[in-house]
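J.: Residue 666 is where the sequence shown starts when you use this note's numbering, and the numbers rise one by one after that.
Every residue, glycine too, gets a C-beta built ideally from N, C-alpha and C.
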Amino acid sequence: MRKTVITENPAPSVRFVEIGAEQAGQRIDNFLLRLCKGVPKSHLYKAIRGGEVRVNKGRINADYRLEEGDTVRVPPIRLPRPDEARLVPPAVFPIVFEDDALIVIDKPAGVAVHGGSGVSFGVIEQLRAARPDAAFLELAHRLDRDTSGLLLVAKRRKALLALHDMMREGGGRKHYQALVVGDWVNDKQHMRQPLLKWLTASGERRVKVDALGKAAHTIITLQKRYGRYSLLGAELRTGRTHQIRVHLAASGYPIVGDDKYGPDDVRAKFAKLGFTRMFLHAGLLEIPHPLTGEPLVLSAPLPPACTHILDYLERNS
């Protein structure tokens, strides 16, 4: 009796994808992560390094930006079957503003904005999973995992490019609140120390004040004193990695709960009080709409964990 063999998941084959206007401007790695949903990032980066991914028949690096009309060779990477369990759980985040070009969410602390560095997925992957019909969803900027507050997500390529241009040129205003260790003195202070990225012996990314670093500008204002601690406002005039955290720590006022640049004993003390995050919140955003130019003033209140710890300090300072 002859047996019938049924192949449920046929071997994948090489694909060639032509880039349209909506994909133009994306990095090749980000494009592949969206195209090959469910495939581990390490597999995709290995394929890029090995020359299996090609653009217009040529080898490229992971940071290559696609242009309209490019032809991308996608190697035979196995994609998940339609009936396979979704690897990224969808999530709904508090929406502060949304139209056909932009979503602004109030990101909770403890959630990465994207996958990578030991994190399988983040806000953007979960947002895409929750909106499978969305043609385009891309982060316009980033927040650290332990920072809460306003996060911009573009729904159109034109909006994303306009937001990137605005931020590169220093347009708009991004305001944060931070609780720091120490009795802050000045009502207003401009910090302009240059910042340089470096790697620890274990490969962890860090930032430090260094004359060889990139220009960085943070405006700090005093909001309230709580004895040994101070609540500060911080306005970003540039957008360097860990900028507020490093500027404050280098000035002798580390942010409460900062696990990279803050003191361990302070973090342990606040953890005993039930405060297990970093006290840094992106609470106010003033930007022109990326397509219409209309002024947008968006705000997100301090999360309950932050207000509760301020109430505690008010009673005990």
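What separation, rounded to the nearest whole angstrom, lies between the Cα atoms of glycine 685 and asparagine 851?
T.: Distance between the alpha carbons of glycine 685 and asparagine 851 is about 52 Å.
J.: Less than 8 Å between the C-beta atoms of leucine 996 and histidine 779, yes or no?
T.: Residue 996 is absent from the model: the chain starts at 666 and stops at 982.
J.: Tell me which residue opens and which closes the beta strand (DSSP E) that histidine 855 is part of.
T.: Where histidine 855 is concerned, the enclosing beta strand (DSSP E) stretches over 853 to 856.
J.: Run through DSSP, which three-state label would phenylalanine 681 get?
T.: Here phenylalanine 681 sits in strand by DSSP.
J.: From the DSSP output, in three-state form, read off leucine 731 for me.
T.: Leucine 731 falls in the coil class under three-state DSSP.
J.: Closest by CA to methionine 831, which one among Leu792, Gly958 and Ile693?
T.: For the residues Leu792, Gly958 and Ile693, the minimum Cα distance to methionine 831 belongs to Gly958.
J.: Using a threshold of 8 Å, state whether the C-beta atoms of leucine 861 and valine 872 are closer than that.
T.: Yes, the Cβ-Cβ distance between leucine 861 and valine 872 is below 8 Å.
J.: In the DSSP assignment, the beta strand (DSSP E) including glutamate 951 goes from what residue to what residue?
T.: That run of the beta strand (DSSP E) goes 945 to 953.
J.: Report the partner residues of valine 769 according to the DSSP bridge assignment.
T.: DSSP, once it has assigned bridges, lists Phe762 and Leu817 as partnering valine 769.
J.: What runs of the alpha helix (DSSP H), each 4 residues or longer, lie entirely inside the stretch 884 to 967?
T.: DSSP runs (the alpha helix (DSSP H)) wholly in the stretch 884 to 967: 908 to 915 and 929 to 937.
J.: Near phenylalanine 940, what residues of its chain come up, given a Cβ to Cβ distance below 7 Å and the 5 sequence neighbours on each side ignored?
T.: Closer than 7 Å at Cβ, skipping near neighbours: Gly922, Ala970 and Ile974.
J.: Considering only the alpha carbon of each residue, which of Leu896, Tyr891, Arg902 and Leu967 lies closest to asparagine 981?
T.: That would be Tyr891, whose Cα lies nearest to the Cα of asparagine 981.
J.: According to DSSP, simplified to helix, strand and coil, what is alanine 827?
T.: Helix.
J.: Taking its Cβ as the centre, do 16 or more other Cβ atoms sit within 10 Å of alanine 750, making it buried, or is it exposed?
T.: Caution applies to alanine 750, whose pLDDT of 48 falls short of 50 and renders its modelled position unreliable; the model cannot decide the point.
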